């Protein structure tokens, strides 16, 4: 049997990856657009039956921290992205699900 060592997460680098996903993940942008349309009745989002494929709204190239925070029901997105506070496991798993990625694709470990 070999020794299993505890690996420390680099929250600053992990937060930077979260920021990259927020700025450049189509799955996340579509979900946030759909969620805002469904929950805030925003007339800018003109999805028919909430199907992104039929949407006539031109999405921004990225979403704001406030928009993502509304979807995730948190005000901590900026703190996660700077590594000021670590993202909790539940939110990390939800973020992964929204983006269509695995947690191991986001987490960066210290050397």
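In the numbering used here, the protein residues as written are 27 to 137. The beta carbon of each residue, even a glycine, is placed where N, CA and C say it ideally should be. Remember, it's a predicted structure, so these values are computed and weren't measured experimentally.
{"Asked": "Is the segment 97 to 112 touching the segment 38 to 53, taking contact as three or more C-beta pairs under 8 Å?", "Found": "yes"}
{"Asked": "According to DSSP, is residue 132 helix, strand or coil?", "Found": "helix"}
{"Asked": "Shortest alpha-carbon distance to residue 95 belongs to which of 61, 131, 53, 137?", "Found": "61"}
{"Asked": "I'd like to know whether the C-beta atoms of residue 133 and residue 35 end up nearer to each other than 8 Å.", "Found": "yes"}
{"Asked": "Look at the alpha carbon of residue 30 and the alpha carbon of residue 59, and state the distance between them as a whole number of angstroms.", "Found": "42 Å"}
{"Asked": "I'd like the list of long-range same chain contacts for residue 47, defined as Cβ closer than 8 Å, with 5 residues on each side in sequence excluded.", "Found": "54, 121, 125, 127, 132"}
{"Asked": "Thinking C-beta only, is residue 44 closer than 8 Å to residue 107?", "Found": "yes"}
{"Asked": "Out of 117, 118, 64, 88, which one is the CA nearest neighbour of residue 52?", "Found": "88"}
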